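In this text, residue positions in the sequence shown follow this note's numbering: the first is 4, and each later residue adds one.
As structure tokens, the structure follows; a few thoughts come after it.
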Amino acid sequence: MRQKGLVLIIVALMLGLLLAALDQTIVSTALPTIVSDLGGLEQLSWVVTAYLLASTVSTPLWGKLGDQYGRKRLFVAAIVIFLVGSALCGLSQNMSELIFFRSIQGLGGGGLMVLAQAIVGDVVSPRDRGKYQGFFGGVFAVSSIVGPLLGGLFVDHLSWHWVFYINLPIGAVALFVIATALPGDQTRTKHKIDYVGVVLLGGATSCLVLIATSGATVSPMVIGLTVAAVALLAGWALAERRAAEPVLPLGLFKVRAFSMTAFVGFVVGFGMFGALAYLPLYLQVVHGVTATLSGVYLLPMMAGMFTMSIVSGQIIARTGKYRFLPIAGTGVATVGMFLLSMVTEHTSLTGLGLYLLVLGVGLGMTMQVLVIIVQNAVDFKDLGVATSGATFFRMIGGSFGVATLGAVFTARLDADLRGLLARTRLPPGFDPAQVQQDPTTIQRLPGDLVAEFLHVYADAIAAVFRVAAPVMFVAFLLSWLIPQQRLRETTKATDLGEGLGATSAERSSLAEVERGLVRLADANLRRGFYERLGDLAGLTGVPPQGVWIVARLGGEGWVKAADLAARANVSREQGRPYANQLITDGLVERSPDGDSLRLTEDGQRAALRLLRCSSEGLSRLVADWGAHPQLEQLVERVAPALLGVNADCPRQTSPRKGAA
4 MRQKGLVLII VALMLGLLLA ALDQTIVSTA LPTIVSDLGG LEQLSWVVTA
54 YLLASTVSTP LWGKLGDQYG RKRLFVAAIV IFLVGSALCG LSQNMSELIF
104 FRSIQGLGGG GLMVLAQAIV GDVVSPRDRG KYQGFFGGVF AVSSIVGPLL
154 GGLFVDHLSW HWVFYINLPI GAVALFVIAT ALPGDQTRTK HKIDYVGVVL
204 LGGATSCLVL IATSGATVSP MVIGLTVAAV ALLAGWALAE RRAAEPVLPL
254 GLFKVRAFSM TAFVGFVVGF GMFGALAYLP LYLQVVHGVT ATLSGVYLLP
304 MMAGMFTMSI VSGQIIARTG KYRFLPIAGT GVATVGMFLL SMVTEHTSLT
354 GLGLYLLVLG VGLGMTMQVL VIIVQNAVDF KDLGVATSGA TFFRMIGGSF
404 GVATLGAVFT ARLDADLRGL LARTRLPPGF DPAQVQQDPT TIQRLPGDLV
454 AEFLHVYADA IAAVFRVAAP VMFVAFLLSW LIPQQRLRET TKATDLGEGL
504 GATSAERSSL AEVERGLVRL ADANLRRGFY ERLGDLAGLT GVPPQGVWIV
554 ARLGGEGWVK AADLAARANV SREQGRPYAN QLITDGLVER SPDGDSLRLT
604 EDGQRAALRL LRCSSEGLSR LVADWGAHPQ LEQLVERVAP ALLGVNADCP
654 RQTSPRKGAA
């Protein structure tokens, strides 16, 4: 594929991924305005929860259906579903419609996040795949930081409808490029898709979230949902025992690292999305800031998460130690939650920013590490499903967090309002129910009453974190039960996006190892690789540029010298000294017309030694997974794809430049 066409496809994939990732957080700062327009403050949590639930539960289906029926057509379908859902969200006339349409949008969003990352493996060479994986991880990082800010900008300068409408032109561009430029993928992988497990697990999760939304209220509906949830979970457990490819194998819960990490991840999602859902309401109602500024005031939390996710990954890669990070992270996050539980209408915005920074630092220290812990604890056969399982629990935790904390907020607000109304006389004609439907009505009250109502709202927000703080503390206690194990090489290369609220890419175990392997190889190839490889292969005295030429010509016939120089991005004059040395050493011969080069028999043997040494190096990187035929085949496939690649041509540091 030509480079220009590849760039277009990558940009289109990143746009699709960006839209889906943004919609996890972009609505947070728009929620107060949406509530004031559509009413239904008690349903606020479901605007977030509907999207998270639909995208998370549908993830396993998108991944496996893409393998089985072709990722291009499934990706196109995901874009269409997402855009239809976005348009309908913007047209919503009440909260019930918006919640339903958000679930449609989430269904498409799950496909975008899963398939965009999978398609990269279809169109990008193994050598370049690590770089592009980093780009996609950056998309998640950027969306986490700018999502709330963009939501506020759209609300202040256009309307809340544009939080959803903005997806349409961007998504249309991505759809056009993918439909016209992405080649059809002919590779198919047959799966025995666990439809029953997905439906039962999704149904049980939805019932539990609905129960969480009701708070501590006991009603016939809650009892019915509880019975349904238990029945669905029991059915799911039975289905998983019989499924050929279970969506979440029960055996994983016997692994202490997985079970503890699943709960900690659940609580991290609980805290992150709960804070994002209700802090903008506090900022806009209590402090009276604009939607845009409420996004700005959330930046300390997002910046803390982003920075510490990077730092945590670097610490683990250098030291091989990870157990202390979730312990410290959940401890710091507990402190952040406790500080937020003390906010009042008099809390300064500077103080709030510091509290949010503490929370963000704690979450960032924890989120990036959880995927690494899970990958390091399971066997190769369970690697793929365990990785997606860890992400599943974090996203479901977000759904529960928003729903549970929404119930706490509503209950506290009701209680405080009843107490206020019992001791306060309201102006004639003022309906106190409007305060819950539209918080902006508070500003129409006399000054002394405004202060009373703002205190009520601040107290209800603080109650949210008074509940979240002990939940985070339980995660802190359980994080001490996470064991420290020797760190596998390929788990050091975890994508940043997988620690920032991203939906799992639903990769197979082999694809998970390959992802880490190409990332490690990418870093290795940029650090004197050909010099070391030449020494290992017995090419003593051959400069790295000459080693690159031998690797590039390996297995080839006559290659035009001009083409070889072009691949190395140098002129023939710059590359000629290295070719001449190889000819003198008997490794390369020149054609009679002087325009082409090829390896001699000694050169071919040297190229085979280079390939063997490269394969041995890659084998060492995956050796800690144990012997497995799939891993052996992976090394055999990746090793030749990494040698002699254009981008790796060593740069000459002496006055005589060149490589081919």
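Ideal Cβ placement from N, Cα and C applies to all residues, glycine included.
Note that this is a predicted model, so its numbers are computed, not measured.
Check: Can you tell me whether DSSP reads S262 as helix, strand or coil?; Outcome: helix
Check: Determine the burial state of A237: buried for a count of at least 16 other Cβ atoms within 10 Å of its Cβ, exposed for fewer.; Outcome: exposed
Check: Can you have a look at N379 and say buried or exposed, based on whether 16 or more other CB atoms are within 10 angstroms of its CB?; Outcome: buried
Check: Please name the residue, chosen from F103, F157, Y72, L25, that lies closest to K112 on a Cα-to-Cα basis.; Outcome: Contrary to the premise, residue 112 reads as Gly rather than Lys in this sequence. Ranking F103, F157, Y72, L25 by Cα distance to G112 puts L25 first.
Check: For L602, report the span of its beta strand (DSSP E) as first-last.; Outcome: 599–602
Check: Let me know if I226 comes out buried or exposed under the rule of 16 or more other beta-carbons within 10 Å of its beta-carbon.; Outcome: exposed
Check: Determine the closest residue to A280 out of A406, S512, G531, A642, with distance taken between C-alpha atoms.; Outcome: A406
Check: Within this structure, are the beta carbons of G114 and W65 separated by less than 9 Å?; Outcome: yes
Check: Please return the same chain residues whose Cβ sits closer than 8 Å to the Cβ of L41, not counting the five positions on each side in sequence.; Outcome: S95, Q96, N97, M98, L101
Check: Can you tell me whether R326 is helix, strand or coil according to DSSP?; Outcome: coil
Check: Roughly how many whole angstroms lie between the Cα atoms of L556 and P595?; Outcome: 18 Å
Check: Just how far apart, CA to CA, sit V388 and K193?; Outcome: 16 Å
Check: Taking only three categories from DSSP, how would you classify A505?; Outcome: Low confidence applies here, because A505 scores a pLDDT of 48, under 50, leaving its location unreliable; read the following figure in that light. Note: A505 maps to coil in three-state DSSP.
Check: Return helix, strand or coil for E592, following the three-state DSSP convention.; Outcome: strand
Check: Hey, which unbroken runs of the beta strand (DSSP E) at 3 residues or more fall wholly within the region 16–77?; Outcome: none
Check: Can you give, in chain order, each stretch of the beta strand (DSSP E) that sits fully within the region 599–645 and has at least 3 residues?; Outcome: 599–602
Check: Taking the alpha helix (DSSP H) that M345 falls in, what are its first and last residues?; Outcome: Where M345 is concerned, there is no enclosing alpha helix (DSSP H), given that its DSSP letter is neither H nor E.
Check: Beta carbon of G307, beta carbon of V361: below 9 Å?; Outcome: yes
Check: Which residues does DSSP list as the beta-bridge partners of K563?; Outcome: S599
Check: Beta-carbon within less than 7 Å of G404's beta-carbon, same chain only, minus the 5 sequence neighbours each way: which residues are those?; Outcome: G272, F273, G274, F276, G277
Check: CA-CA distance, V149 and I29?; Outcome: 8 Å
Check: Can the beta-carbon of Q197 be found closer than 9 Å to that of P249?; Outcome: It is Asp, not Gln, that sits at residue 197 in the sequence shown. In this structure, P249 lies closer than 9 Å to D197 by Cβ.
Check: Secondary structure at W165, three-state DSSP: helix, strand or coil?; Outcome: helix
Check: Keeping to the same chain, check which residues put their C-beta closer than 7 Å to that of L536; ignore five residues upstream and five downstream.; Outcome: V550, L613, C616, S617
Check: Determine the contact status of V377 and T264, defining contact as a CB-CB distance below 9 Å.; Outcome: yes
Check: Give me, in chain order, the residues of the same chain whose beta-carbon lies closer than 6 Å to that of F396; leave out the 5 immediate sequence neighbours on both sides.; Outcome: A265, G268, F269
Check: For Q487 and P35, I'd like the C-alpha separation in whole angstroms.; Outcome: 44 Å
Check: Provide the residue span of the alpha helix (DSSP H) that contains P223, from first to last.; Outcome: 223–245
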